[in-house]
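As structure tokens, the structure follows; a few thoughts come after it.
In full-length UniProt numbering, the protein residues as written are 1 to 313.
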């Protein structure tokens, strides 16, 4: 059996679905949404696998622990794993940026379809529609930009409700169904309605502090990244700082900056600083995510404020 370990979001689901199509005798498993760690359920599945594919999961330290043959496909900032049993594929090692894990997977397997494009839409939002290859694929499948955006939102919905099984089932659902059919999926549409109500509740509480847009809340929904995207992409904030103070016993800290200001804020440096303190941090040039024990939230805030050179709250 080939095991696919994947991220819980639209890009992770689409990427896993692409691998499922490309590799026979495959099963998929995801992390608990919002928790960047291989838990006992994943390690038990690894024991049963002959080969492991890890996709869109920025956890090189966990991948290094796997003794089976591994193909690690990603596009996040990370150091290359130098182990004989690991094939580590990431354009960043060649100084290149990839728009999504789905792009990396499709390139690796030479396997392109609508899921290749939807992964990018999931990660980049409307910026994905500036990419020629995305537009060409959407045209081939007769998907409008609005339909692609909606479908990315629907595919992502199980993860935002902490529905781990729902995320895993989504991989097979995406692999087996036409995208137009998935737009009408009743369960996913109900999910989105519930999530939208929670997002509206949080956005009403956002406050401004200079260039920072700040959102602090407690929710069982995994919406920190969605809130940050809306603040930067839709509401034109320069820097969004989002904290879910009580997410199943943990705290989520999420920072997103305008893409054209990414170099100024040096988010990649900030990620390295947090990791050097043994904090569970990851991201890309314009986005940072941290999940930590609630008592460590103050430490995270201090490191980030020192990096930015000013008080956030």
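Note that the Cβ used here is the ideal one computed from N, Cα and C, for glycine as well.
Nearest-angstrom beta carbon gap, residue 102 and residue 120 [assumed within contact, 8 Å]: The count along the chain shown starts at 1 and reaches residue 120 at position 120. The count along the chain shown starts at 1 and reaches residue 102 at position 102. Right, their Cβ atoms sit about 6 Å apart.
Option in 308, 225 and 167 with minimal Cα separation from residue 125: The residue given as residue 125 occupies position 125 in the chain shown. With distances taken between Cα atoms, residue 125 lies closest to 225.
Pair within 8 Å by beta-carbon distance, residue 14 and residue 118: On the chain shown, residue 14 is found 14 positions in, with the first residue counted as 1. On the chain shown, residue 118 is found 118 positions in, with the first residue counted as 1. Result yes, Cβ atoms of residue 14 and residue 118 sit closer than 8 Å.
Buried or exposed (CB count within 10 angstroms, at least 16 for buried), residue 12: Residue mapping note: residue 12 aligns to position 12 of the chain shown, counting from 1. Looking at its Cβ environment, which holds 16 or more other Cβ atoms inside 10 Å, residue 12 is buried.
Cβ neighbours of residue 212 in the same chain (closer than 7 Å, five flanking residues each side left out): Stepping through the chain shown from its first residue, residue 212 is reached at position 212. Result list for residue 212: 239, 241 and 312, in chain order.
Chain-order list of residues whose beta-carbon lies under 8 Å from that of residue 280 (same chain, five-residue window excluded): Stepping through the chain shown from its first residue, residue 280 is reached at position 280. If you ignore the 5 residues before and after residue 280, its C-beta comes within less than 8 Å of the C-beta of 36, 37, 290, 291 and 292, all in its own chain and listed in chain order.
Residue environment, residue 294, which counts as buried when at least 16 other CB atoms sit within 10 Å: Residue 294 sits at position 294 when you count from the first residue of the chain shown. Residue 294 is exposed by the Cβ-count criterion.
Proximity to residue 150 [Cα-Cα], best of 193, 208, 173 and 113: Sequence index remark: in the chain shown, residue 150 carries index 150 (1-based). Minimum Cα distance to residue 150 is reached at 193.
Residue 105 vs residue 73 beta-carbon contact at 8 Å: Residue numbering aside, residue 105 sits at position 105 when the chain shown is read from its first letter. Residue numbering aside, residue 73 sits at position 73 when the chain shown is read from its first letter. Contact flag set, yes.
Length of the line joining the Cα atoms of residue 64 and residue 42: Here residue 64 refers to the residue found at position 64 of the chain shown. Here residue 42 refers to the residue found at position 42 of the chain shown. About 14 Å.
Alpha carbon of residue 203 to alpha carbon of residue 84, nearest angstrom: Here residue 203 is taken as the residue at index 203 of the chain shown, counted from 1. Here residue 84 is taken as the residue at index 84 of the chain shown, counted from 1. One C-alpha to the other measures close to 48 Å.
7 Å CB neighbourhood of residue 9 in its chain, flanking five on each side removed: Taking the first residue of the chain shown as 1, we reach residue 9 at position 9. Here the set comprises 122, 156 and 159.
Touching by the beta-carbon criterion (3+ pairs, under 8 Å), the stretch 136-150 and the stretch 159-177: These segments do not touch.
For residue 292, the first and last residue of its enclosing beta strand (DSSP E): Within the chain shown, residue 292 is the residue found at index 292, counting from 1. Its beta strand (DSSP E) spans residues 287-293.
Cβ neighbour criterion (16 or more within 10 Å) applied to residue 276: As a working note, residue 276 is residue 276 in the chain shown. Looking at its Cβ environment, which holds fewer than 16 other Cβ atoms inside 10 Å, residue 276 is exposed.
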